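Enquirer: The structure's right below; bear with me while I get my questions together.
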Amino acid sequence: MQNEQDAVKFEYTTEIERQRRENEIITNKLGSQQQPCIQETQMNEPSEDLLSAISQDHMYVLTRNGTFFNVSPSALETIGLKEEEVIGKNWREIEFHENLLPLFEKNLEKTFRTNRTCCGELTMPTAAGVRSYEYTLSPIRLKHDPDCVLVILRDVTETAETISDLQWNDEPGQRPVQSLNSIVLRLHVDGTIMFLNNFGLNFFGYAKHEILGKNVAILLPEKDRFGLVLSSLPDEVLKNPQSYKHVENENIRKDGSRAWVSWTNTALFDERGQIKEIVCIGNDITRVKELEERLTRSNEELEQRVIERTAELERTNRQLKLEIAGRRAIQKSLEDSEERFRLIAEKVDDVFWIVDPHDAKVLYVSPAYEKVWGRSREGLYTSRGDFPQNVHPDDRSRVFEATQELLLEGSFCCDYRIIRPDGTIRWIEDRSFPVRDSDKILKYVAGVARDITERRLAEIRLRESEELFRRTFDKAPIGAALVSMDLRVLRVNEALCKMTQYSEREFAKLGMCGVAHPGEVEPDLERIKQLERGVIESYSADKRYFRKDGKMIWVDSSVRLIRDYMGNPLYYLPMMTEITDRKIAEFQLSESEERFRLAAQFASDFVYEWNLKTDSVRTFGTGAPPLGYSDEEFENITQWISKIHPDDIDRVRDGVRNSIEAGTPYSEEYRVVHKDGSYRYWWGRGNALRDEEGTAYKWIGAASDVTDRKITELRLQRLNRALRMVNACNELLVRASSESSLLEGICDVIVNTGGYHMAWIGFALDIEGKEVRPVAWSGSESEHLQSVHVSWDPSRPDGQGPIAQAIRSGEYCVVTDIQSDPGTQCWNDLPFFQKCKSVACLPLFVHKKIIGILTIYSDREEAYDAEEISLLMSLSEDLSYGLTTLRLRAAHENMAKVLEQREKQYRLLTDNSLTGIFIFQNERLVYVNDRLASTYGYSREEVLGREPRQFLVEEDREWAMAQKNSLFQGAELEPAEIRVYDKAGNVRWVQVYVSSIEHNSEPAIMGNIVDITDRKKAEQNLQETLSRLEMVNQELEQFTYVSYHDLKEPLRNIITCLQMIEKHDRDRVSEDGKMLMIHAVEGAHRLVRLIDSLLDYTKIRSSEREDVVISSESSLTTAIENLDTVIRESGARITYTPLPDVKADPVLLTQVFQNLLSNAIKFQCEERSKIHVSALRQGSEYVFAVQDNGIGIDPQYFERIFVIFQRLFSADEYPGTGTGLAIVKKIVESHGGTVWVESELGKGSTFLFSLPAPRSA
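Going by UniProt numbering, the letters in the sequence shown line up with residues 1 to 1257, in that order.
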């Protein structure tokens, strides 16, 4: 684990250092634009440029306690101290410039606390004037000290001015940033991307026209992987770039992949001091972030292991402590036990004793012995016979036997009496237990003797008391019983047996419940539970019992629960006295009173007497005074009439007057007002009393409250009307052909048949405002509904009513008083709405989704009872079903039309298909198209109904059946090539595509057949041709190798001979001869190189090579290293962007780069060569470009330059063999790619070639 951590830390530190150096080099290169001479020197020596960039930083490494662990030379120079004066010292001990103090005072502690990088800026005076610095504090971990901080100060005084002076509008001005291996992004103040260098384009995967002019937000995801919202980051940076000088955030590429970038943002100002644009320099820190996560996970794992190990040690330590504490506790327990025994033995009244069982010697007896026995303990210690003498003579034999048992077995248990010196007798309870050693051997016997005299006396008194209770119980004159807690009869006395004629044995069998009247059992059991819970102490009741002869008797029963001295229940004690005669007298009296009450009642709850002469009224009967009024409020007929409903007064007056005049009885129903304001229905009857002359002088009347009956009648009328309404609506549902006619008809039925004031149906629209739009309505003034706006949005005032509540909840909603309901206040002022008193809102569903509302208004208050609502709900459910049915019917009709149209299209396609199509089901062909039948010389009728195997070649039949079975089991099959017979018996090759389908509700196989007989023949011919070509190539290669050796050997001899002549006979050869020899040697060498190139060209073959995924950038750097001498001599400058991984041979790819680079260096113009290599993803391949500023190529020679031995210049002008580009072409094409050139004379050339990208790329 530790080795893995160190590796991660090393890799992390290396990556941080590389990023920091690249940032510094970018800054130096941007600044060098104003100093071209210096730039030339730096380009020749890039390593010196890097060292210079590193040396400019002021670096400090501090531990958590503030001690300096390391300091860079530039930092020491700035603070003016030597290394030994700083290393190992705390920063508080060193005198820094005051501008540096906040760096350590605030940011150091913040970095340790948050464990995150802290960045900022500060200024500090130096010998060169006031300089601006950027500082970065980053947490790092070292082996010796895991918590450290790396502090880096960087001079950035000239950076902003340098960036501001760059010329962005022309290509030469952009070259310094185009050559950088970092992202350079130029933004307008509104976030528009004005410039992105080539590195940035490649990094994000965009072309210029795809990114320029777009907002910078295109490069940012909505959130990073930690959940941080990045959508507002561009606006914050653009508004306040100084606060976001350095930013690290996650970016998104065109392909959707993400990468972490460290941005340095510099604001550029116009002449008015306003920000005109921002230049952002970014470096890919994705690897750093990955390493940070790995390092964090590694640290967490290590910390977890430390925690687990520490916990394990703590558990072990706790166990040891517990063992030690346990042993100490045992020792202490033994000591405490002995002390407690001594204290107990000496303080309690019980006698503790210990005896040696071997010789019956008393080893110990507690002081209580002297109190209980009244004798000294010393007599027991000195004489063993002292103890038996004190035992009562009647108990000595029994005690002697118990003592023998004690000596033999160590156990002793005996109650006996002793005689004290004063002659008194005491009862003793003596118990003992053996004490054995670790080997189970009896060591001694210990015992406890207790004085139980008082308990014995109490038991005697209890027995005497029980005997007295038994005699009293048995001879009591009233019935009594003892009943256990589980209600078993334990005992009954003679009086109870005589009262019920049952014996005690029969009571024990039947129980008290078996004798009692069934109606008395349940109440009695409830009272018994209350007794047991302590709710009551006893209860009395008049109860019925059955005698043995079947006669029922009444008893006055009183039951009490008897408890022991601890309060625990023992048994129930019921006591009963027969009261049958008294009960019979009470019943007779009650019947007499009832007959009197019925006779006095005038068949009504209320009787009154009206004096026709004085108009006074007297009320009597059970209902007087009526309606909640007092007697004073019914004293005269005027008060009486005032209680009648205004609409019924005239009718009642006329009826009474007609009855008096005609002398006929009066009967009428009318409404009267109750004192609480409600109206009640009365049924009034009466008749006039007349004197001897026949003049009516008194009216005797009665009234009955029939409100309940009247309400029931009205409710039944409404329910019958509602039921007729539901039936009529169901008839509409059956006959409905369209949705609109159904909804309009339903509304009409609800109003006309149901008798409701108004009804309408609206659909709930799930759009802005959530409107409920009326689609059908009926009733008084219902046409005004079109102008009323109703919403089901809870945030709107018109979305608070019952309609909105029913739609949102999916349940019906009823308001019985519209005018007082707060949800309907916004419509109460509408004239047509004021007549509505109650409303019921019923949701409508289609496929379990709410689509609208059925709203029914009534002109009655407190309308819609439960039964009426149930009928209305059934109506809404039926209407929902009807809407669903209509919509399904419409959908089915549309689907049928679509299916019919598709069936026609399918038939047209299959019948006119250029390939054969068949359907195979139940081992027979059930469908084939004309193309399939005619291709093999059949008609469709000749093929249908036959088995497919009849057409297959024998060798392919078994395979075809296996594939059929796999297909029916759910497998997906690849296209297959098989052989079939045509009608003439010829074998033909076909390619078959098959899949499982359902045909006529049964599984089937559908296939598509393409005849490939001609292609198979062509493949066979091609294979034969390739075999012949392979043989020819082998012969040519063998010839090339033989020619290579046969040609080079004479050339070597020629070169050797000419060199020997020049060496030994130089003086005898003329100057012309020497020149001829030089030309001859050079020609021979050129011919050798030509032969070598020819051999290299012939060796390039793709069939003998297995390509792997490699880094193309690694191959490029190898080629540059191979050409290091040529590059230095020519002064060429080679740059490249990050290159991708490709699938290729690393040696051959290096040769491609080497040939193209050397070609670019060779054909340079007077200006020093500038060569740039880049790559761009295009589909499934990468396109590489090698661009130079050389002499260029005439377009007419673009094809010729890739032909072997073809040269555009003589060897004297540009040396070479003419094989370099031909080799490049052959290598690229052997990898499956292509190569071409783009060039103009005098403007340089760009050689481009493509290579396949790895599948995972």
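Ideal Cβ placement from N, Cα and C applies to all residues, glycine included. Fair warning: this is a prediction, and the values are worked out from it, not measured in the lab.
Going by CA-CA distance only, name the one from 82, 635, 179 that's closest to residue 1174.
Expert: Taking only the C-alpha atoms, the option nearest residue 1174 is 179.
Enquirer: Residue 1228 to residue 1252, Cα distance in whole Å?
Expert: Whole-angstrom Cα-Cα distance: 10 angstroms.
Enquirer: Classify residue 1131: buried if its beta carbon has 16 or more other beta carbons within 10 angstroms, exposed otherwise.
Expert: Residue 1131 is exposed by the Cβ-count criterion.
Enquirer: Can you tell me the Cα-Cα spacing of residue 556 and residue 485, whole angstroms?
Expert: Using only the alpha carbons, I get a separation of about 22 angstroms.
Enquirer: Considering only residues of the same chain and omitting the five flanking positions on each side of residue 536, which have a CB-CB separation below 8 angstroms?
Expert: Hits under 8 angstroms: 527, 530.
Enquirer: Could you check how far apart the C-beta atoms of residue 578 and residue 553 are, in whole angstroms? I think they sit under 8 angstroms.
Expert: Going by Cβ atoms, the distance from residue 578 to residue 553 rounds to 6 angstroms, so yes, they are a contact pair.
Enquirer: Could you check the C-alpha separation between residue 50 and residue 73 for me, to the nearest Å?
Expert: Confidence is the limiting factor: at residue 50 the pLDDT is only 31, short of 50, which leaves the residue's position unreliable, though a coordinate-based value still follows. Cα-Cα distance, rounded: 16 angstroms.
Enquirer: Residue ranges of each beta strand (DSSP E) run of no fewer than 3 residues wholly in the stretch 830-871, ordered along the chain?
Expert: Counting whole runs of 3 or more residues, the stretch 830-871 contains the beta strand (DSSP E) stretches 838-846, 849-858.
Enquirer: Report back the beta-carbon spacing between residue 444 and residue 363 to the nearest angstrom; my notes put them in contact at under 8 angstroms.
Expert: Between residue 363 and residue 444 the Cβ distance is about 6 angstroms, and since that is below 8 angstroms, they are a contact.
Enquirer: Under 8 angstroms by Cβ, that's how I've got residue 1150 and residue 1115 pegged, so tell me the actual separation to the nearest angstrom.
Expert: The pair is a contact, with the Cβ atoms about 4 angstroms apart (cut-off 8 angstroms).
Enquirer: Which residue from 916, 709, 992, 92 puts its Cα closest to that of residue 937?
Expert: Among 916, 709, 992, 92, the Cα nearest to that of residue 937 is on 916.
Enquirer: Taking C-alpha atoms, which residue in 732, 808, 750, 1055 lies nearest to residue 886?
Expert: Ranking 732, 808, 750, 1055 by Cα distance to residue 886 puts 732 first.
Enquirer: Inspect the CB distances between the stretch 243-262 and the stretch 199-208 and report whether three or more fall short of 8 angstroms.
Expert: With the cut-off at 8 angstroms, the stretch 243-262 and the stretch 199-208 touch.
Enquirer: Does the stretch 914-929 come close enough to the stretch 1000-1008 that 3 or more CB-CB pairs lie under 8 angstroms?
Expert: Because the criterion of three Cβ pairs below 8 angstroms is met, the stretch 1000-1008 and the stretch 914-929 touch.
Enquirer: Here's the rule: buried if 16 or more other CB atoms are within 10 angstroms of the residue's CB, otherwise exposed. What is residue 283?
Expert: Result: buried.
Enquirer: Pairs of beta-carbons, one from the stretch 944-963 and one from the stretch 871-887, closer than 8 angstroms: are there three or more?
Expert: At 8 angstroms Cβ cutoff, the stretches do not touch.
Enquirer: Using 10 angstroms around the beta-carbon of residue 1225, count the other beta-carbons present and answer buried if the total reaches 16, otherwise exposed.
Expert: Classification of residue 1225: buried, given that the 10 Å Cβ count is 16 or more.
Enquirer: Under three-state DSSP, which class holds residue 232?
Expert: Looking at residue 232 - three-state DSSP - the assignment turns out to be coil, as it is neither helix nor strand.
Enquirer: Regarding residue 765 and the ligand GDP, is the C-beta to nearest heavy atom distance less than 6 angstroms?
Expert: Looking at this structure, you won't find the ligand GDP or any other ligand, since it has none at all.
Enquirer: I'd like to check one pair, residue 140 with residue 150: are the Cβ atoms closer than 7 angstroms?
Expert: For residue 150 and residue 140, yes; Cβs fall inside 7 angstroms.
Enquirer: At 3 residues or longer, what runs of the beta strand (DSSP E) sit wholly inside the UniProt domain "PAC" (974-1024)?
Expert: 976-981, 987-999, 1002-1011, all fully within the UniProt domain "PAC" (974-1024).
Enquirer: Does residue 982 get closer than 7 angstroms to chain D when you measure Cβ to Cβ?
Expert: Among the protein chains of the structure shown there is no chain D, as only one such chain exists.
Enquirer: Sort out for me which residues DSSP pairs residue 1252 with in a bridge.
Expert: Paired residue(s): 1181.
Enquirer: Check each candidate in 801, 1230, 701, 181 and name the one with the smallest Cα separation from residue 660.
Expert: Comparing Cα positions, the closest option is 701.
Enquirer: Scan the stretch 94-148 and note each continuous alpha helix (DSSP H) run of 4 residues or more that stays entirely inside, going in chain order.
Expert: Within the stretch 94-148, the complete alpha helix (DSSP H) runs of at least 4 residues are 108-114.
Enquirer: Would you mind listing the beta strand (DSSP E) stretches within the stretch 741-765 that are 3+ residues and don't spill past its ends, in chain order?
Expert: With a minimum length of 3 residues, the continuous beta strand (DSSP E) runs that stay inside the stretch 741-765 are 758-764.
Enquirer: Is residue 1163 helix, strand or coil when you go by DSSP?
Expert: Residue 1163: coil per DSSP, three-state reduction.
Enquirer: Helix, strand or coil: which one does DSSP assign to residue 596?
Expert: Residue placement at residue 596 is poorly supported in this model, since its pLDDT is 38, which falls under 50; the coordinates are not used for a value here.
Enquirer: Roughly how many angstroms separate the alpha carbons of residue 892 and residue 884, rounded to a whole number?
Expert: Between residue 892 and residue 884, the C-alpha separation is close to 12 angstroms.
Enquirer: Where does the unbroken beta strand (DSSP E) through residue 284 begin, and where does it stop?
Expert: Residues 275-284.
Enquirer: Within the chosen definition, does the stretch 1241-1255 reach the stretch 1179-1193 through at least 3 CB pairs nearer than 8 angstroms?
Expert: They touch, by the three-pair rule.
Enquirer: For residue 425, count neighbouring C-beta atoms within 10 Å of its own C-beta (all shown protein chains included) and say buried if the count is 16 or more, exposed if not.
Expert: It is exposed - the Cβ of residue 425 has fewer than 16 other Cβ atoms within 10 Å.
Enquirer: Can you tell me whether residue 802 is buried or exposed, with buried defined as 16 or more other CB within 10 angstroms of its CB?
Expert: Result: buried.
Enquirer: To the nearest angstrom, how far is the alpha carbon of residue 1077 from that of residue 1231?
Expert: Residue 1077 and residue 1231: Cα-Cα distance of roughly 44 angstroms.
Enquirer: According to DSSP, simplified to helix, strand and coil, what is residue 512?
Expert: In this structure, residue 512 counts as helix in the three-state DSSP scheme.
Enquirer: Among 395, 350, 1201, 118, whose alpha-carbon lies nearest the alpha-carbon of residue 1239?
Expert: The option with the nearest alpha carbon to residue 1239 is 1201.
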